[in-house]
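For the sequence shown, our numbering begins at 2 and goes up steadily by one.
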Amino acid sequence: MVRLPEPDVARDFSRRLRRWFRQHGRDLPWRRTRDPYHVLVSELMLQQTQVSRVIDYYHRFLARFPSLTRLAESPEGHVLEAWSGLGYYARARNLHALARTVTRDGGSALPADPVALRALPGVGAYTAGAVASFAFESRAELVDTNVARVLARVFAPRLAPKRPRDLSQLWRIAEAVLPPRGSTAWTHNQALMELGALVCTARIRHCTRCPVRRLCRTRIAELASMDVTR
Ligand code: SF4
């Protein structure tokens, strides 16, 4: 079992992260909404696809299918047509199936509870956490590839995010560093993902401009080894 960050370290980490995000976070359309359907569409489109490509698709898709109900009423072929060019069409099929599942019994809204969200087609643990946090401002943790990488580098460099057992430890860390209020957790989660996309990326680590470098075990170990070899 990995040792979880102490509460004061968790608070410091989150504060630094949120402060940085307020200055450097990108102004993205799905960050301006709390509409669960819009958030879900953005999250599914962002899986495997870059932000710059998603923005146009996101606007066009929502103009064509402005609600979950309208999406459910549309033929699958129309949904795939609107998705055409984004790739990974299982996402579009799942989204359509999800809309039909939610509206089948007269519903028109997504559930707020991550457990209920996970029962819907195509919704995994990350997407359920993202919709709960980004749409409903629930205190819900979320771990995608970027978040797993950042949390491992900062708190547990020995964990390998691709190993399922290690990934479950990273989910525990994600929960441990999450602020208690849902609205603050919204910023925290967005900031964590943004850090993984802009600063602590898979290809390069911009440690000198990273807001959490003083707490980061990877960075601290690196500096210590440089001192030793000098
Ligand atoms: S200090 Fe470096 S390794 Fe640590 S989180 Fe920041 S960018 Fe990543």
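Every residue, glycine too, gets a C-beta built ideally from N, C-alpha and C.
- Item | Under the three-state DSSP convention, the category R71 falls into | helix
- Task: Using only the heavy atoms of the ligand SF4, determine whether one of them is closer than 6 Å to the beta carbon of T202.
- Result: no
- Query: Nearest-angstrom Cα distance between A64 and Y58?
  - Reply: 10 Å
- Query: Would the beta-carbon of V80 fall within 7 Å of that of A93?
  - Reply: yes
- Give the range of the alpha helix (DSSP H) segment to which L152 is assigned. 146 to 156
- Task: Consider the C-beta atom of V155 and the heavy atoms of the ligand SF4; say whether any pair is separated by less than 6 Å.
- Result: yes
- What separation, rounded to the nearest whole angstrom, lies between the Cα atoms of C201 and T219? 11 Å
- Item | Cβ-Cβ distance between H189 and R19 below 7 Å | yes
- Query: Sorry if obvious, but does the Cβ on R214 come closer than 6 Å to a heavy atom of the ligand SF4?
  - Reply: yes
- Query: Exposed or buried, Y89, counting other C-beta atoms within 10 Å across all chains shown (16 or more means buried)?
  - Reply: exposed
- Message: Let me make sure I understand the geometry here. Which of R154, R32, T102, A100 has the alpha-carbon closest to that of I221?
- Response: R154
- Does the stretch 152 to 171 come close enough to the stretch 122 to 139 to have 3 or more Cβ pairs within less than 8 Å? no
- Query: Just checking my contact of L72 with H97 at CB under 8 Å: how many whole Å lie between their CB atoms?
  - Reply: 6 Å
- Query: Are there 16 or more other CB atoms within 10 angstroms of the CB of A117, so buried, or fewer, so exposed?
  - Reply: exposed
- If we count the other Cβ atoms within 10 Å of its Cβ and call it buried at 16 or more, is P162 buried or exposed? buried
- Message: Going residue by residue through the stretch 29 to 58, where are the continuous alpha helix (DSSP H) segments of at least 4 residues, counting only ones entirely within it?
- Response: 37 to 47
- Based on Cα-Cα distance, which residue from L45, L99, E77, R119 lies nearest to L69? L99
- Given 8 Å, three or more beta-carbon pairs between the stretch 160 to 180 and the stretch 207 to 214: no
- Cross-strand partners of C201 (DSSP beta bridge): R206
- Item | Inter-stretch contact at 8 Å, needing at least 3 Cβ pairs: the stretch 104 to 112 / the stretch 138 to 151 | no
- Helix, strand or coil for P76 per DSSP? coil
- Message: Cutting at 6 Å between CB atoms, please list the residues of its own chain near E44, excluding the five before and the five after it.
- Response: T128, A131
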